[in-house]
Amino acid sequence: MTKKSELISIYLIMLTEILGWSLILPFLPFFALDLGATPFQVGLILAVFSVFQFVSAPIIGKLSDRYGRKTLLIISQFSTFIGFIILGFANSIWMIVLSRVVDGLLGSNMTLAKAYLGDISSGKNRQKNYGYMSAVFGIGFFIGPALGGFLATINYSLPSFLAAGFSLLTIILTITILREPKIKREKVKLKINDFFPLKDFLQALKHPVLKNFLFEFFFFVTAFSTLTGSLALISEAQFNLGPGDVGFMLMLVGLVRILFQLLVYSKLVDKFEERTLAITGITITMISMLFIAITTTQISIYLALMLFSVGAGLTQPTFISIVSSKAGDSERGKFMGVMDAMRSVSQIIGPLLGGFVIQYFYPGILGFIGSGLMLIALIIELKFNPQKTKKTT
363 MTKKSELISI YLIMLTEILG WSLILPFLPF FALDLGATPF QVGLILAVFS VFQFVSAPII
423 GKLSDRYGRK TLLIISQFST FIGFIILGFA NSIWMIVLSR VVDGLLGSNM TLAKAYLGDI
483 SSGKNRQKNY GYMSAVFGIG FFIGPALGGF LATINYSLPS FLAAGFSLLT IILTITILRE
543 PKIKREKVKL KINDFFPLKD FLQALKHPVL KNFLFEFFFF VTAFSTLTGS LALISEAQFN
603 LGPGDVGFML MLVGLVRILF QLLVYSKLVD KFEERTLAIT GITITMISML FIAITTTQIS
663 IYLALMLFSV GAGLTQPTFI SIVSSKAGDS ERGKFMGVMD AMRSVSQIIG PLLGGFVIQY
723 FYPGILGFIG SGLMLIALII ELKFNPQKTK KTT
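In C-alpha cells form, the structure reads like this:
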C-alpha cells in the first residue's frame, strides 16, 4: 500500500466518522430541551461525553503506541456505533446521557486517526496532511449538520440511526482497507500506573518544547468549545432558530472550511512559519468571537461564523502538526491522546459555561468570554513561545 493510498484510506474513514458525529450536532440540544432539560442541563448532557473522553483518550492513545492503531480504532468505532444506536432509541434524558457515556468511554476515533496520519506523514508534508484533514472536517460539516437538521424536523431518531450507519461503515472500511502503518514500535511493558491520565499530563507539561503549546491549545479549544457547544442554544435563545437553521449554519462553516483548506492553507504553509500561522489564526478567531458577542441579526452571525471558520481552520491543523512532529513516533499516540483529553476538559467547561450563561444571563456574553480566552492563548504564544517554530523540512 502506497503512502497516497494510505492517506486516501484514513481520510475516507475520517470523513465517514465526521459525517456520523456531525449529524447529531444540530438536534441534540433541541431534543434534550423537548424532553424537559434546562439550558444548563443541556450543557451537562453535552459535557458527559467529554468527561469520559478525558479519561479514555490518553489510555487508548498509549495502547495504540504499543499495540498498533488499527485494532484500537476498530474497538473505538464500535463503541461509537453502540452509542448512536442507544441515542436513536432514546425517549428520556437518562438514555441520552447513556448514549454519550458509551461513546465517550471508548470512542477515541479521531485520537487514533490523527496519530495514524502522523505515522504515515513526514517533514513538511505532515503539516499539509493535517491541513487536508481539516478540509475533510469541512466536508463532513458541509454535509452532516444540514442533513441532520433536516431529518430532525421529521423525527429526532432519524439522524441518530443514520449516524450509526455511517459509524458501521467506518468499521467496515477500517477492517477492509486500512493497514497498520509500518513504523517501529517500542516493546515496552505497560504498567497499571501508565493508564492514569494525570501521569501523562504531568509528563507532557514537562516537555521542553511542547508544554507551552499544550497550554495555548487548551485556552484556544476552550474558547472554541464555548461557542460550538452552545451554538444551538444561542441560536434558539437569541434568534428563535431551530435544528434546520443550526444545520445550515454549520453547513456554511463547513463550506468555508473546505474552500480555505483546499485553496489557501497549503500555500500559506509553504510561505510562512508555523508560529506565524498560529498567531494569525488565533487573532482571526478572537475577532470573530467579538463579532458574535455584539451581533444582533441573523445575517451578521453567519458572517461571524464564516470568519470563525477561517481562524479555526488556520489554527487547529497547525497546532496538531507542531505536536505531532515534536512528539516522535514512539509517543505520538500518547500526545494526541493528551491533546484530546485537554480538548475533552475544554468540552466539559464550554457547554456547562454556555448553558449557565444562556439560562441566567445574555447569550452574547459567551462571545466576550471566548475572545478573552483566545487572548490568553495569544499572550502565551507571544510571550512564552518567543522562539520561531521552523517549518518542518
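Residue 363 is where the sequence shown starts when you use this note's numbering, and the numbers rise one by one after that. Glycine included, every Cβ here is placed at the ideal spot set by N, Cα and C.
Cutoff 7 Å: residue i Cβ touching any chain C Cβ
i	result
residue 734	No chain C is part of this structure, which consists of one protein chain only.
Within 7 Å, strictly: CB atoms of residue i and residue j
i	j	result
residue 525	residue 736	no
residue 760	residue 377	Here the chain covers residues 363 to 755 and nothing more, so residue 760 does not appear.
residue 466	residue 411	yes
residue 678	residue 497	no
residue 521	residue 386	yes
residue 591	residue 712	yes
residue 515	residue 382	no
residue 725	residue 599	yes
residue 529	residue 443	yes
residue 643	residue 676	yes
residue 399	residue 698	no
residue 500	residue 620	yes
residue 603	residue 401	no
residue 511	residue 626	no
residue 716	residue 426	no
residue 636	residue 588	no
residue 684	residue 575	yes
residue 464	residue 445	yes
residue 730	residue 674	no
residue 583	residue 705	yes
residue 518	residue 610	no
residue 405	residue 669	no
CA-to-CA distance, residue j to residue i, given in whole angstroms
i	j	result
residue 422	residue 733	32 Å
residue 652	residue 474	34 Å
residue 451	residue 614	30 Å
residue 504	residue 597	18 Å
residue 754	residue 488	In this predicted model, residue 754 has a pLDDT of only 45, less than 50, meaning its place in the structure is not dependable enough to derive any value.
residue 633	residue 371	29 Å
residue 424	residue 471	13 Å
residue 740	residue 645	7 Å
residue 431	residue 437	10 Å
residue 396	residue 455	10 Å
residue 709	residue 407	11 Å
residue 479	residue 460	31 Å
residue 533	residue 728	37 Å
residue 593	residue 667	10 Å
residue 693	residue 483	15 Å
residue 689	residue 458	36 Å
residue 581	residue 428	30 Å
residue 409	residue 661	29 Å
residue 658	residue 650	14 Å
residue 700	residue 682	12 Å
residue 718	residue 538	45 Å
residue 751	residue 544	Confidence in residue 751 is poor, its pLDDT being 47 and thus under 50, which makes the residue's placement too unreliable to answer from.
residue 373	residue 481	14 Å
residue 542	residue 468	20 Å
residue 434	residue 441	11 Å
residue 630	residue 638	10 Å
residue 746	residue 707	22 Å
residue 722	residue 601	17 Å
residue 640	residue 367	30 Å
residue 527	residue 647	34 Å
Nearest-angstrom Cβ-Cβ length linking residue i and residue j, presumed shorter than 8 Å
i	j	result
residue 388	residue 507	5 Å
residue 536	residue 403	Actually they do not touch by this definition, with Cβ atoms about 35 Å apart.
residue 369	residue 453	Not really, about 42 Å apart at Cβ, beyond 8 Å.
residue 578	residue 743	5 Å
residue 567	residue 573	5 Å
residue 686	residue 618	Wrong, their Cβ atoms sit about 25 Å apart, outside the cutoff.
residue 375	residue 540	6 Å
### Message
I'd like the ranges of any alpha helix (DSSP H) spanning at least 4 consecutive residues and lying wholly in the segment 455-491.
### Response
As far as the segment 455-491 is concerned, its whole alpha helix (DSSP H) runs of at least 4 residues are 455-468, 471-481.
### Task
Mind listing, in chain order, the continuous alpha helix (DSSP H) runs of no fewer than 4 residues lying wholly within the segment 615-658?
628-633, 636-656
### Query
What are the start and end residues of each continuous alpha helix (DSSP H) run of 4 or more residues lying completely inside the segment 379-415, in chain order?
The qualifying runs are 390-396.
#### Entry: Contiguous beta strand (DSSP E) assignments of at least 3 residues, all confined to the segment 508-536
none
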